[in-house]
Amino acid sequence: MGLMHYGYSFKIDDLDLTPQGRAEIDIERERLTFILRKCLLQELGPGLGTEKLANILLAIASFVDIAEKRRNYLEVCDLMATINLSSLAKSVYLKQFDL
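Each residue of the sequence shown is one higher than the last, beginning at 15 in the working numbering.
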């Protein structure tokens, strides 16, 4: 059995992407954020729409941070054998693969 690597991350800076891939993701993120902003401003008005957009973006950042912390915690627990994760749990929570 080879070296085990837990290589999944939600953060774009941690992904192994080409510069073109990063540019495409940035363009798509900007496009979707613009569409969401436009819809919220039309539906809720400038004040409430802007506040709602800020809350959504903060919530997304918080969810990503929580998911990263959970993954890191489970990775450490698995490495230290503090908890016994099944292979299914490892594949779901840690995105485990052989190098």
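C-beta: ideal position from N, C-alpha, C; glycine also.
Express the C-alpha separation of residue j and residue i in angstroms, rounding to a whole number.
i, j, result
"Thr-32", "Ala-95", "36 Å"
"Glu-82", "Gln-56", "34 Å"
"Leu-67", "Leu-93", "39 Å"
"Glu-42", "Arg-85", "26 Å"
"Arg-45", "Gly-35", "15 Å"
"Met-70", "Asp-40", "The question names Met, but residue 70 in the sequence shown is Ile. The alpha-carbon atoms of Ile-70 and Asp-40 are separated by roughly 18 Å."
"Leu-58", "Ala-75", "22 Å"
"Arg-51", "Ile-80", "25 Å"
Using the beta-carbon count (16 or more within 10 Å), is residue i buried or exposed?
i, result
"Asp-114", "There is simply no residue 114 to check, as the chain begins at 15 and stops at 113 in what is shown."
"Leu-72", "exposed"
"Leu-54", "buried"
Quick check on DSSP: helix, strand or coil for residue i?
i, result
"Ser-105", "helix"
"Asn-98", "coil"
"Thr-64", "helix"
"Asp-40", "helix"
"Leu-88", "helix"
"Asp-79", "helix"
"Leu-11", "A query on residue 11 cannot be resolved here, the shown segment of the chain reaching from 15 to 113 and no further."
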